[in-house]
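The structure appears right after this line, and notes come after that.
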Amino acid sequence: MEELLTTKQVLDILQVDRTTIYRMLKDGRLTGVKVGQQWRFPHSEVEELLSGTPSIPLEPVRPARSTITHEALPIPCLQSVQDVSAETMEVGAVTTDLDGQPLTKVSNSCQFCNLIRSTQTGYQDCVNSWRKLARQHDSAPHFVTCHAGLHYARASIELDDELFAMLVTGQFYIMAPDPDEVKQRVTRLAQVHGLNEADLARAAAELPILSPKKQEKITDWLEKLADTFSLIGRERADMLDRLRRIASMSSVVLE
95 MEELLTTKQV
105 LDILQVDRTT
115 IYRMLKDGRL
125 TGVKVGQQWR
135 FPHSEVEELL
145 SGTPSIPLEP
155 VRPARSTITH
165 EALPIPCLQS
175 VQDVSAETME
185 VGAVTTDLDG
195 QPLTKVSNSC
205 QFCNLIRSTQ
215 TGYQDCVNSW
225 RKLARQHDSA
235 PHFVTCHAGL
245 HYARASIELD
255 DELFAMLVTG
265 QFYIMAPDPD
275 EVKQRVTRLA
285 QVHGLNEADL
295 ARAAAELPIL
305 SPKKQEKITD
315 WLEKLADTFS
325 LIGRERADML
335 DRLRRIASMS
345 SVVLE
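This note's numbering puts the first residue of the sequence shown at 95, with every later residue one more than the last.
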């Protein structure tokens, strides 16, 4: 079976930028197939293109895309979409980088998590929990337990086939918790983070328990929204590439 290469692998082999790859697709110098939301390219064809003489000169390689990943995401736009969709799905949501640092504010946050994150130690524990999600090997979202005993999951936001941010949802249970365990956990969290135990217990009592059907709906929504954010990031990154090229050409003309 023919080996298929990712966009990033083709970029590395041909030493061109992503816009050039799309131009080559359009003018027929390169063929590819769509696998989900990503392009894949026959390895043999890329090697032939590399060894031959292109009819149109290849453009020089651009700076690594990883240097502009964060500016590729229009955070205010993502925040608005995330706010509306999280409220509609009745869950909490946040977009983070791979270190667990929030890129957006937490959308539709519950009182329990608001109390936890109101302290420096609680906030850092949340960041640490988000960071662990980046280490998951599975591409599909699956629920795990956070430091506060709640369940959450993540979906990948990718650029050039690389994970560079995550969309995280949580602040719920996927099964009814043991009341004694909840009581003990609330006591421990209150002591560790210096919170009022009665306030934290009242907030914990309001946490929702998702039915299996709702869980499936949440993971489906999470993947679709993350794919949308990936698409927005790719289109914005391409726009930034074009603007930089125009600026570079303008500076040459002025000189």
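Glycine is no exception: its CB is placed at the ideal position from the N, C-alpha and C atoms. Keep in mind the model is a prediction, meaning the values are calculated, not measured.
C-alpha distance - residue i paired with residue j, whole-angstrom precision
i: residue 243; j: residue 228; result: 19 Å
i: residue 198; j: residue 122; result: 40 Å
i: residue 215; j: residue 285; result: 11 Å
i: residue 341; j: residue 188; result: 34 Å
i: residue 259; j: residue 126; result: 26 Å
i: residue 180; j: residue 226; result: 22 Å
i: residue 339; j: residue 324; result: 23 Å
i: residue 152; j: residue 101; result: Legend: pLDDT at residue 152 = 42, less than 50; position of this residue unreliable, value from coordinates given subsequently. Each residue's alpha carbon lies about 16 Å from the other.
i: residue 317; j: residue 327; result: 15 Å
i: residue 248; j: residue 329; result: 22 Å
i: residue 293; j: residue 301; result: 13 Å
i: residue 275; j: residue 175; result: 36 Å
i: residue 239; j: residue 272; result: 14 Å
i: residue 281; j: residue 297; result: 13 Å
i: residue 279; j: residue 173; result: 31 Å
Close-in-space but distant-in-sequence residues of the same chain around residue i (CB under 7 Å, 5 per side omitted)
i: residue 104; result: 115, 135 and 140
i: residue 270; result: 303
i: residue 107; result: 140 and 144
Opening and closing residue of the beta strand (DSSP E) in which residue i lies
i: residue 136; result: 132–136
i: residue 251; result: 245–253
i: residue 187; result: 186–190
i: residue 129; result: 127–129
Chain-order list of residues whose beta-carbon lies under 6 Å from that of residue i (same chain, five-residue window excluded)
i: residue 207; result: 265
i: residue 217; result: 211
i: residue 124; result: 118
i: residue 46; result: There is no way to answer for residue 46, as the model of the chain reaches only from 95 to 349.
i: residue 203; result: 186
i: residue 309; result: 268
Buried or exposed (CB count within 10 angstroms, at least 16 for buried), residue i
i: residue 138; result: exposed
i: residue 190; result: buried
i: residue 220; result: buried
i: residue 235; result: buried
i: residue 252; result: buried
i: residue 336; result: exposed
i: residue 299; result: exposed
i: residue 200; result: buried
i: residue 129; result: exposed
Three-state secondary structure (DSSP) of residue i
i: residue 201; result: strand
i: residue 268; result: coil
i: residue 256; result: strand
i: residue 98; result: strand
8 Å Cβ shell around residue i - same chain, five flanking residues per side excluded
i: residue 160; result: Any reading at residue 160 must be qualified, since the residue scores a pLDDT of 40, below 50, and its modelled position is unreliable; no value is offered.
i: residue 262; result: 187, 188, 189, 190, 224, 227, 246, 247 and 248
Alpha helix (DSSP H) segment containing residue i, residue limits
i: residue 233; result: Careful: residue 233 lies outside any alpha helix (DSSP H) and carries neither H nor E.
i: residue 219; result: 214–227
i: residue 273; result: 273–287
i: residue 195; result: Unbroken run through residue 195: none, as it is neither H nor E.
Closer than 8 Å to chain C by CB, residue i
i: residue 336; result: Reference to chain C is not applicable here, since this structure consists of a single protein chain.
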